[in-house]
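Read left to right, the sequence shown gives residues -7 to 684 (our numbering). To start, the structure itself, in structure tokens.
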Amino acid sequence: MPDPSTYRPAPGAIPDEPGVYRFRDPSGRVIYVGKAKSLRQRLNSYFADTWTLHPRTQQMVTTAAKVDWVTVGTEVEALQLEYAWIKEYDPRFNVRYRDDKTYPYLAVTLDEEYPRLQVMRGAKRKGVRYFGPYAHAWAIRETLDLLLRVFPARTCKAGVFKRASRMGRPCLLGDIGKCSAPCVERVSVDEHRQIVLDFCDFMAGKTDSLMKRLEREMQEASNELNFELAARLRDDLAALRRAMEKQAVVFGDGTDADVVAFADDPLEAAVQVFHVRDGRVRGQRGWVVEKTEELSPGGLVHHFCSQVYGEESETGAASGGIPRELLVPELPDDVDALADWLSALRGSRVTIRVPQRGDKRTLQETVARNAQQALAQHKLRRAGDLTSRSRALEEIAEALALDSAPLRIECYDVSQIQGTDVVASMVVFEDGLARKSEYRRFAITGATDDVSAISEVLRRRFSRYKQALAEADGAVPAEPGEEELETADRPGVDPETGRPRKFAYPPQLVVVDGGQPQVNAAARVLAGLGVTDIAVCGLAKRLEEVWIPDDDFPLILPRTSEGLYLLQRVRDEAHRFAITYHRQKRSKRMIASDLDSVPGLGEVRRKALLRHFGSLKRLKEATVEEIVEVPGIGRRTAESILAALDAKQPTGAEAPADGGAGPAQKSPVAGRGGTVHAAEDMAGAHGAPQAP
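The structure is reproduced here in structure tokens:
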């Protein structure tokens, strides 16, 4: 374990200027990024007596082996660089605002010709406008169902839309008036987009003008004795009012603000945000984050703003992510720089302040109570999680006689069906948690069983590791404000790009899914490559025995062991990842066609051919002239198609008795059948991903 005093910068070497600093581990990977108004004061605080530091900070400084920094001109530049480095390096010790659940949004796909209204989760994408987030998906669907009678926009999937277009008949929503049926051109593209834009205006809070317009149209219809239209407009108004009642009015002045509150303990903090738009609560989000150092509410505000709103601006999604006003429990030290940075991201002025009295203060107290409840629920759910993970790693280290706990574990699994579609997976767990960005998958050729496949996978993976070490000779050009570094000190970093190398970080433990044969094969591969500092074990499914190389008997861990539970989770994740890849490859092979081998014939033209002729058999019986009738198919391509299909025919087929070629202008392959590709779905298959 590195001693912080061994890499502490020399006295006076740290500038007393604003900047951003990085802590790196022995392999050169960035594990923490921070900014400071004075680099000297901030960095010196990390090299005080270790036992006086925050527990997570202790772990960080003892894991690190080097610190470097870059000076900047202003605090705004430091904020920009800090955010960019956190996004680039994904440091394990930084506070990361990941949702404790995936919140649903009401999304409008404005990037499509006929925009669609839908419930959407996950990462945001450009060209889509989002409303929310909401606590429950049913709340969105209930509101959407009310509004569709007023804004009959498309809600169907692309497949349903295309099928209705081909049939010339709309779906049920089109028949009952909850869709304007653009699929059968009841409305034009521009008319449908206007319906969608009116819906977006309503959801954004521009309700007064719409309500007045509907009331005016209803009155005009009534004056003209068009009572059916007047009644429909009356019902539309009632639906809009019911939808508006579902959004609580908290401010009467059209406030556009995010109200943020925190509840924390020495190790974790819960964050709750209420999104208020046009005086109404439009959505709510929550996070629970681990604290890396002792952070005040102002420090939590800094991390929240730089990460959450930086992410909102980077996606480019039309979500209105950054409000005009940010109401927080305490101002951060760099509040002016933070406000300037957020204003630049929004394109207009953003104000950060602490509400002192009135409705805004009352709402923030409500948000704070939500944060306290969220933290209490989180601690109940994960009361023993950190302790159990540490105990699991310690039990594994003790059982396998390791010098220290295996902070990085890699597990490998092979999936195949009788030697076909052989694939393998590599999953990575760090600190007892899955690190999915490090997962890899492999396509195996030449291996006929699990033992040979495991050998090939490990040989490929650790050959890349040895190659990364071999390439780590020489110097890396220095970055601004940074001393020149030897790549031998940073074997995990590409000297040209400065990014992490693939397969460059070694695990402390390799786990294989299998028993003694697989474990011995894995150990032989590592020994052959000269890798002697990585432990190997296997976990057999039948009795969950742990196998160690060259041992005739397995190691039996207690069924209640946290270490065994962690190994099982690692093994099961590798199996899941492998079988997924295997099924993908198997499915792709089963739908292969003889047309796949025709040079220059892509998927679109293959589909056009099959649509035109109906089957591969009819295509084989067609003439060149008949094939040329298909749009996009020329004579040369048609001849290539017939030649390729003819090459697929079985040899020794009987020729016509009179020696003729059959009907005039027919292809030599006329009358010959096609090939049917099929296979049974084997429920017990395994699967995996491909390494470069």
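No residue lacks a Cβ here, since even glycine has one placed at the ideal position from N, Cα and C.
- Given a length threshold of 3 residues, each whole run of the beta strand (DSSP E) inside the stretch 239 to 305 is given here in chain order: 249 to 256, 260 to 269, 272 to 282.
- By DSSP's assignment, Met159 forms no beta bridge with any residue.
- Between Glu430 and the set Ile446, Gln72, Arg453, the nearest pair of CA atoms involves Arg453.
- Take the alpha-carbon of Ala28 and the one of Ala70: they are about 8 Å apart.
- Taking the Cα of Arg400 as reference, the smallest distance to any Cα among Ala527, Arg205, Leu450 is reached at Ala527.
- Of all alpha-carbon atoms in Leu35, Gly114, Pro(-4), Phe15, the one lying nearest the alpha-carbon of Ala5 is that of Leu35.
- Within the stretch 521 to 587, the runs of beta strand (DSSP E) at least 3 residues long that lie entirely inside it are, in chain order, 527 to 531.
- For Trp61, the uninterrupted beta strand (DSSP E) segment begins and ends at 58 to 63.
- Three or more beta-carbon pairs separated by less than 8 Å are not found between the stretch 568 to 576 and the stretch 537 to 556, which leaves the two stretches without contact.
- Among the bridge pairs identified by DSSP, Met418 is matched with Tyr404, Arg432.
- Nearest C-alpha to Met112 among Tyr106, Ile132, Asp103, Glu105: Ile132.
- Inside the stretch 19 to 47, DSSP marks whole beta strand (DSSP E) runs of 3 or more residues at positions 22 to 28, from first to last along the chain.
- Rounded to the nearest angstrom, the gap between the Cα atoms of Val120 and Pro96 is 14 Å.
- Using a Cβ distance threshold of 8 Å, Gly555 and Ala384 count as a contacting pair.
- Around Val265, the same chain offers Asp250, Val252, Arg277 as residues with beta carbons nearer than 6 Å, after the five sequence neighbours per side are excluded.
- Fewer than three Cβ pairs drawn from the stretch 100 to 115 and the stretch 75 to 88 lie within less than 8 Å of each other, which leaves the two stretches out of contact.
- Around the beta carbon of Thr147, 16 or more other beta carbons sit within 10 angstroms, so the residue counts as buried.
- Beyond the five residues adjoining it in sequence on each side, Ser553 comes within less than 7 Å, by CB distance, of Glu387 in the same chain, given in chain order.
- Boundaries of the beta strand (DSSP E) harbouring Arg121: 121 to 123, taken from the DSSP string.
- Comparing alpha-carbon positions, the option among Ala196, Thr524, Asn512 lying closest to Asp544 turns out to be Asn512.
- As DSSP reads the structure, Met112 sits in a beta bridge with Tyr97.
- The three-state secondary structure of Phe15, taken from DSSP, is strand.
- With fewer than 16 other Cβ atoms from the protein chains shown falling within 10 Å of its own Cβ, Asn215 counts as exposed.
- Contact between Leu229 and Glu212 fails: their C-beta atoms lie close to 14 Å from each other, not under 8 Å.
- Here DSSP, grouped into helix, strand and coil, assigns Arg178 to coil.
- Distance from the CA atom of Thr44 to the CA atom of Gln50, rounded to whole angstroms, is 9 Å.
- Exposure of Glu183 is indicated by the presence of fewer than 16 other C-beta atoms within 10 angstroms of its C-beta.
- Looking at the backbone, the Cα of Pro289 and that of Val273 are separated by about 23 Å.
- With 16 or more other Cβ atoms inside 10 Å of its own Cβ, Glu448 counts as buried.
- Taking the Cα positions, Gly624 is about 23 Å away from Arg155.
- Counting C-beta atoms within 10 angstroms of its own C-beta, Lys533 has fewer than 16 neighbours from the protein chains shown and is therefore classed as exposed.
- Considering only Leu593, Lys599, Leu602, Leu608, the residue with the shortest C-alpha distance to Arg627 is Leu593.
- Distance from the CA of Val327 to the CA of Gln576, rounded to the nearest whole angstrom, comes to 50 Å.
- Under the DSSP assignment, Leu608 falls in the alpha helix (DSSP H) whose first and last residues are 608 to 613.
- Here the alpha carbon of Pro324 sits roughly 6 Å from the alpha carbon of His294.
- Non-local C-beta neighbours of Val68 in its own chain, meaning closer than 6 Å and more than five positions away in sequence, comprise Ala329, Asp332, Trp333, ordered along the chain.
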